[in-house]
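Remarks on the structure that follows.
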Ligand code: CO8
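Numbering (the numbering used here), first residue to last: 1455 to 1717.
Have a look at this one:
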C-alpha cells in the first residue's frame, strides 16, 4: 500500500498521507512520496491547486516517525534532517497552492507541515503543537523559523518551550488559518471548494503571486518590490490578463487557458 495517495478531480489534486495506524507519521517513504506527489501536481498543467490531508479521523500527521528516529546516530540524523527540510521547503515554494486540510492531530513535523503549506483549513477536531522539547528534540522541519513568522516570537517560543497543544479555535485566533474551523464532515468539501475557487483564477497570476510571496519572504522590501514589479509587468503584458480584463469589460466569466508549458 502506498504511504501517500493522490487523486485528481478536474483541476484539483488531493494528496492524502495514508498511514492511519501510525497517525500518518512522517517516515522516509512518506516524505519522498509527498515530494513526488507535489512535484507531479506542479508539473501537470491541468492541476491548479492541491489539497493535502491525512487519512483516518484522528490525525492529520503526528510528526516525524519516532520509531524511525529512535537510535539514529549523527551520521544518519543530519542527512535525514536536511532531506526532510528540503521536502518541506519544496512544498512551501511549490508553484501550485497547497491547502492543508487539517483533519485532526498535527504535532511536531505534522504542525510544521501545516506551516509549510500555502495555508491551512482546520477541522474543529484539529489539535496542533510542537512537543519536541519534551522528547529532548527540537522542531527540525522548519518550526523554529516558520512559527515565529506566523504568530510572533513570544507566542512561538512559549509553544515550543512548553510543548503546549492548541485547539483549532486558538490556532485560528492566532492567525494560523485564514478562516474559522469547520466541522469535520465539512472539511474536505470546504478545502476543495477553496481550491476550486483558486483554480478559477488566472493560473499564471496565481503562480506569480506565490512566487512574489516566496521571493519576498525574508528579503528586504525593495528586493521584494523589484520582484513584484517584474512579475506584475509580465502579467499586465500577458494573454491571461487580456482575457481577464476583456471578460470583466464584456461582463462575462473569464476563461483562462491551462498553461502550455510544464512549470
Ligand atoms: N511516530 C511513529 N509512530 C507514531 C507516532 C509518531 N510520531 N505518533 C503515533 N504513533 C503510533 C503509535 O506508536 C501507535 O502505534 P502502535 O499502535 O503500533 O503502538 C499509533 O500511532 C497510535 O498512537 P497512540 O496509541 O499513541 O494514540 P493515542 O491516541 O494514545 O495518542 C498522540 C495520540 C497524542 C498523537 C500520541 O500518539 C503521540 O503523542 N504521538 C507522538 C507525537 C509527537 O511527539 N510528535 C512529534 C514527533 S518529533 C518531530 O516531529 C520532530 C520533527 C523534526 C525532527 C526530524 C529528525 C529526522
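Built from N, CA and C at the ideal position, the CB exists for glycine as well.
- Residue burial annotation: residue 1703 is exposed, with fewer than 16 other C-beta atoms found within 10 angstroms of its C-beta.
- The beta carbon of residue 1698 lies closer than 8 Å to those of 1656, 1659, 1708 and 1710 in the same chain, with the five residues before and after it left out.
- The beta carbon of residue 1569 sits closer than 7 Å to the beta carbons of 1596, 1597, 1600, 1601 and 1604 from its chain, once the five residues preceding and following it are set aside; these are given in chain order.
- For residue 1552, the enclosing beta strand (DSSP E) has its first and last residue at 1552 to 1556.
- Taken in chain order, the complete alpha helix (DSSP H) segments of 4 or more residues contained in the stretch 1547 to 1635 are 1563 to 1570, 1597 to 1605, 1607 to 1616 and 1622 to 1627.
- The beta carbons of residue 1580 and residue 1560 sit about 6 Å from each other, so the pair counts as a contact at 8 Å.
- Between the stretch 1527 to 1535 and the stretch 1677 to 1693 there are fewer than three inter-stretch CB-CB distances shorter than 8 Å, so the stretches are not counted as touching.
- Excluding its 5 nearest sequence neighbours in each direction, residue 1478 has C-beta neighbours in its own chain below 8 Å: 1471, 1472, 1484, 1508, 1509, 1510, 1513, 1514, 1515, 1516 and 1564, listed in chain order.
- Using a cutoff of 8 Å, the CB of residue 1519 counts as near the ligand CO8, since one of the ligand's heavy atoms is closer than that.
- Per DSSP, residue 1710 lies in no alpha helix (DSSP H) and is assigned neither H nor E.
- Per the DSSP secondary-structure output, residue 1705 pairs with nothing in a beta bridge.
- When DSSP assignments are scanned along the stretch 1465 to 1508, the uninterrupted stretches of alpha helix (DSSP H) that are 4 or more residues long and fall wholly within it turn out to be 1482 to 1497.
- Here the distance from the Cβ of residue 1563 to the nearest heavy atom of the ligand CO8 is below 8 Å.
- CA-to-CA, the gap between residue 1494 and residue 1464 works out to about 15 Å.
- CA-to-CA, the gap between residue 1690 and residue 1646 works out to about 29 Å.
- Note that the C-beta distance between residue 1553 and residue 1585 is not below 9 Å.
- A direct Cα-to-Cα measurement between residue 1664 and residue 1475 gives close to 34 Å.
- A residue is called buried when at least 16 other Cβ atoms come within 10 angstroms of its Cβ; residue 1648 meets this threshold and is buried.
- The three-state secondary structure of residue 1461, taken from DSSP, is strand.
- Residue environment for residue 1491: buried (at least 16 other C-beta atoms within 10 angstroms of its C-beta).
- In this structure, DSSP gives residue 1691 a state outside helix and strand, which the three-state scheme calls coil.
- When DSSP reads this structure, residue 1666 sits in no beta bridge, so it has no partner.
- Residue 1537 is classed as exposed because its beta carbon has fewer than 16 other beta carbons within 10 Å across all chains shown.
- Beta-bridge annotation (DSSP): residue 1644 is not paired with any residue.
- Between residue 1505 and residue 1541, the C-beta spacing is not below 9 Å.
- Going by DSSP, residue 1511 is part of no alpha helix (DSSP H) at all; its letter is neither H nor E.
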